[in-house]
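Asker: So the sequences go chain by chain: C and U. Residue numbers 1 to 72, in our numbering, belong to the letters of the first sequence in order. Residue numbers 1 to 507, in our numbering, belong to the letters of the second sequence in order. Just passing along the structure, written as structure tokens.
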Amino acid sequence: MKKPVLMIAPSFDDAGIQAVCAAFSECLGKPLDFDIIKDEKLIGGFIAMIDGKVYDTSFTSQLNEIQRQMNQ
Amino acid sequence: MIDSTFATVGSFLKQRQSAFEPDTNIYEYGEVQSYSDTIVQINGLSNCRYGELLEFEGGAYGLTLDLHIGGVGAALLNGKVATASVVRPTGRVAEVSVGEELLGRVIDPLGRPLDDGGEIKTKKTRPIESPAPSIMDRAPVDTALETGILSIDSMIPIGRGQRELIIGDRQTGKTSIALSAIMNQKDRGVYCVYCAIGQKASTVSNIVHTLRRAGAMENTVVMAAFSSDTAAMQYIAPYAACAVAEEFMYSGKDVLVVYDDLSKHAVAYRTMSLLLRRPSGREAYPGDVFYLHSRLLERAAKLSPENGGGSLTALPIIETMAGDISAYIPTNVISITDGQIYLESELFNAGMRPAINVGLSVSRVGRAAQSQAMRAVSGSLRLDVAQYREMAVFAQFGADIDEVTADMLRNGERLMELLKQTQDQLFSLSEQVAILLAVSTGFFKSYDKQDINKVRAALLSYLHKNAGTIMINIDTTGKLSEEDREDLLLAFGRFTAESGEQHGQPD
């Protein structure tokens, strides 16, 4: 798979981004060199794409999920 | 009152909203490696399952059909994809919206409307593939599904829950028979699903107009995958139609499904299989083409009373090439179904409509599904037709024939005329019983061959007027009592006498 990608809301500063990257490296037990994309569509939170898996904490997805649950 | 309702709704929404717990959503993703001819090869998705629905960037959907190490192959259902774009598994199999809201509508295999009736507000969905009912869930086929076509109802009876194949060359009236069967279900409480696979939009439009004109759209759902749709759409169409019908069946209704036609369905599946580089077998079809149709047609069933007693009758259609019923797909589907109605170009061109070859047509469920009244009058009909056909071939050579044979030929010719019907000329059970009873007594022998159609119409209207109670009795009970039979015979005699007074004695 290709290089890991971190899509992150613009509200994060450099220190915040570094903290997220470090946390992922620690969780997965290997150094990760992210391509970082700032995306305001996320509203808040981030989406990390690592080794064929997506870790999605973005506000947009959460809002979509609330909408889905409310419709049920 | 209003305030309290608002308060209730508000608190309910607030409760639902506060019940939501934000959580990190972790899922797999794949990457489009290649895309050609609606087949997408994807890297990743190691936990994806066969038949799972995939969501592509840009809103396109695909169906997983091939699992291999390091990736999956999928057939695209709609839209377009770009290479290197992200694919997300949905964790669901393909589903279609179901329910009574669909009646009267024209939809695509994903349940989206194709007509101008606006959004369809269905409450339920159903996976397009589901296992067939088990042995213990089923009951024997014992009720007739009347098609209104004399030759079918009398000689090749179709029961509720049966699978009867309609097979024949192009332009022999296959769809026409299926449409007649649908039209005849109007006001009988039988729901119908017509599934067009790989047909022209203009043909489907004609069919919808025909059904609307006959007032039969109210209890019918039309599902269409046009020839311009992707092979995957055409592939899922009959399964989706079956899912729509199953929803009705499991709610205790009787349903009739027409798959028009499974030859094109097999061709769509062959297209996908070859593009997925599966090994090809006979006529380049893949090895599992039998399973393709058997798992679809096995879903037709008559359910036991404990399961609601609903039924799903399937009328698959197969188009043959130059009358060759021994080709791969026709033999497969013949062996899966409980009988076939075989239509012949020669008969069609000779003016026999419907052009059913009675010798090659059969219903394996047979007389169990016929009403007592029909059984009482149609006993030797098949034999009579077969004997007439054989004799007619001999008589063509101008051989000397004795009086008995000449009589048989005369009766046979009239019988052939009586079996002719147009698409919208459907007969009720009582009308069919009356016609067959009249044939068995030699009633029509005294009339000219050319006048048979007129005489039949006049006789039926006479009977409705003068023996109405008997006709209603037959229709409601499905039985022909000895008294009713005698009364009908007397009515035939009176009709002959009265029509003789009006038009001079028949010869």
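All C-beta atoms in this analysis are idealised placements derived from N, C-alpha and C, irrespective of residue type, glycine included. Bear in mind the structure is a predicted one, so any value in this text is a computation, not a measurement.
Leaving aside the five residues before and after U:Ala240 along the sequence, list all residues of the same chain whose C-beta is less than 7 angstroms from its C-beta, in chain order.
Answerer: Around U:Ala240: Val96, Pro109, Ile128 and Met223.
Asker: Anything in the region 73-92 of chain U with a Cβ closer than 9 angstroms to a Cβ of chain B? List those residues in chain order, please.
Answerer: Judged by its chain identifiers, the structure shown contains no chain B, and its protein chains are C and U.
Asker: Can you list, in chain order, the residues of its chain with a C-beta nearer than 7 angstroms to that of U:His293? Leave out the 5 residues immediately preceding and following it.
Answerer: Answer for U:His293: Leu262, Asn332, Val333 and Ile336, listed in chain order.
Asker: Compute the Euclidean distance between the alpha carbons of U:Pro506 and U:Tyr388, then round it to the nearest angstrom.
Answerer: No answer about U:Pro506 holds up, because its pLDDT of 47 lies below 50 and its placement is not dependable.
Asker: Is DSSP giving U:Thr565 helix, strand or coil here?
Answerer: The question about residue 565 of chain U has no answer here: the residues shown for chain U are numbered 1 through 507.
Asker: Ends of the beta strand (DSSP E) at U:Gly73?
Answerer: Run containing U:Gly73: Gly71 to Leu76, per the beta strand (DSSP E) assignment.
Asker: Would the beta-carbon of U:Pro279 fall within 9 angstroms of that of U:Tyr259?
Answerer: Not closer than 9 angstroms, so no.
Asker: I'd like to know whether the C-beta of U:Phe20 is nearer than 9 angstroms to at least one C-beta of chain C.
Answerer: So, interface residue.
Asker: Residues of chain U with CB closer than 8 angstroms to the CB of C:Ser61, please, in chain order.
Answerer: Near C:Ser61 (Cβ distances below 8 angstroms), the residues of chain U are Asn25.
Asker: Using only CA atoms, which one of U:Phe394, U:Leu303, U:Ala144 and U:Ile166 lies nearest to U:Ser428?
Answerer: Comparing Cα-Cα distances from U:Ser428 to each of U:Phe394, U:Leu303, U:Ala144 and U:Ile166, the minimum goes to U:Ala144.
Asker: Which chain C residues sit within Cβ distance under 8 angstroms of U:Glu28?
Answerer: The contacting residues are Gly52, Lys53 and Val54.
Asker: Among U:Gln423, U:Thr422, U:Glu417 and U:Gln450, which one has its Cα closest to the Cα of U:Ser439?
Answerer: Just to set this straight, residue 439 of chain U is Val in the shown sequence, not Ser. It is U:Glu417 whose Cα lies nearest to the Cα of U:Val439.
Asker: Hey, out of U:Leu303, U:Thr24 and U:Thr90, whose CA is closest to U:Ser134's CA?
Answerer: Among U:Leu303, U:Thr24 and U:Thr90, the Cα nearest to that of U:Ser134 is on U:Leu303.
Asker: When the Cα atoms are used, what is the spatial distance from U:Ala327 to U:Thr320?
Answerer: Those two C-alpha atoms are separated by around 8 angstroms.
Asker: Using only the alpha-carbon positions, how far apart do U:Ala82 and U:Ser46 sit?
Answerer: When rounded, the distance between both Cα atoms is 21 angstroms.
Asker: Which ranges would you report for the beta strand (DSSP E) in the region 24-109 of chain U if only whole runs of at least 3 residues count?
Answerer: Runs found: 25-28, 30-36, 39-44, 52-56, 61-68, 71-76, 86-93 and 95-98.
Asker: If I follow the unbroken alpha helix (DSSP H) through C:Ala19, where does it start and stop?
Answerer: It spans Asp14 to Leu28 - the alpha helix (DSSP H) in which C:Ala19 sits, taken as one unbroken run.
Asker: For U:Tyr50, which residues from the same chain have a beta carbon less than 8 angstroms from its beta carbon, with the 5 sequence-adjacent residues on both sides left out?
Answerer: Thr64, Leu65 and Leu67, listed in sequence order.
Asker: Does C:Ala2 get closer than 9 angstroms to chain U when you measure Cβ to Cβ?
Answerer: With the sequence shown as reference, residue 2 of chain C is identified as Lys, and Ala is not the correct amino acid for it. Closer than 9 angstroms to some Cβ of chain U, the Cβ of C:Lys2 qualifies, so yes.
Asker: For chain C, is any of its Cβ atoms less than 9 angstroms away from the one on U:Glu431?
Answerer: So no, U:Glu431 is outside the interface.
Asker: Please confirm if U:Arg112 has its CB atom under 9 angstroms from at least one CB of chain C.
Answerer: No - not a single Cβ of chain C is within 9 angstroms of the one on U:Arg112.
Asker: For C:Glu65, decide whether its Cβ has a neighbour in chain U, counting only Cβ atoms nearer than 9 angstroms.
Answerer: Chain U, which has a Cβ nearer than 9 angstroms to the Cβ of C:Glu65, makes this yes.
Asker: Establish whether the CB of C:Gln69 and some CB of chain U are separated by less than 9 angstroms.
Answerer: Cβ-Cβ to chain U under 9 angstroms: yes for C:Gln69.
Asker: If you check the beta carbons only, do U:Asp115 and U:Val208 fall under 9 angstroms apart?
Answerer: The answer is yes: Cβ separation under 9 angstroms.
Asker: Touch check for the region 360-380 of chain U and the region 391-404 of chain U: three-plus C-beta pairs under 8 angstroms?
Answerer: No: fewer than three Cβ pairs fall under 8 angstroms.
Asker: On a CA-only basis, which of U:Gly161, U:Gly117, U:Asp448 and U:Ser430 is nearest U:Thr511? Give me that one, please.
Answerer: This structure leaves residue 511 of chain U out entirely; chain U is present only between 1 and 507.
Asker: Could one say the Cβ of U:Arg16 lies closer than 9 angstroms to chain C's Cβ atoms, at least one of them?
Answerer: Cβ-Cβ to chain C under 9 angstroms: yes for U:Arg16.
Asker: Do you know whose CA, among U:Pro140, U:Lys253 and U:Met233, lies nearest U:Cys192's CA?
Answerer: U:Cys192 has its Cα closest to that of U:Lys253, out of U:Pro140, U:Lys253 and U:Met233.
Asker: Kindly indicate if chain C contains any beta-carbon less than 9 angstroms away from that of U:Ala7.
Answerer: False, the Cβ-Cβ gap to chain C never drops below 9 angstroms.
Asker: Using only CA atoms, which one of U:Arg112, U:Lys80, U:Val289 and U:Gly59 lies nearest to U:Pro89?
Answerer: Closest option to U:Pro89, Cα to Cα, is U:Gly59.
Asker: Beta carbon of U:Ile158, beta carbon of U:Leu297: below 9 angstroms?
Answerer: Their beta carbons are not under 9 angstroms apart, which means U:Ile158 does not touch U:Leu297 by this criterion.
Asker: Could you spell out where the alpha helix (DSSP H) holding U:Phe290 opens and where it closes?
Answerer: Taken as a continuous stretch (DSSP letters only), the alpha helix (DSSP H) holding U:Phe290 covers Val289 to Leu297.
Asker: Going along chain U, which residues have a C-beta under 7 angstroms from C:Met49?
Answerer: Residues of chain U passing the Cβ test: Tyr29.
Asker: How big is the Cα-Cα spacing for C:Leu28 and U:Glu21?
Answerer: Taking the straight line joining both Cα atoms gives about 25 angstroms.
Asker: So, is C:Ala9 buried or exposed, given that buried needs 16 or more other C-beta atoms within 10 angstroms?
Answerer: Looking at its Cβ environment, which holds 16 or more other Cβ atoms inside 10 Å, C:Ala9 is buried.
Asker: With distances taken from CA atoms, which of U:Pro305, U:Ser228, U:Leu409 and U:Glu164 is nearest U:Val362?
Answerer: Taking only the C-alpha atoms, the option nearest U:Val362 is U:Glu164.
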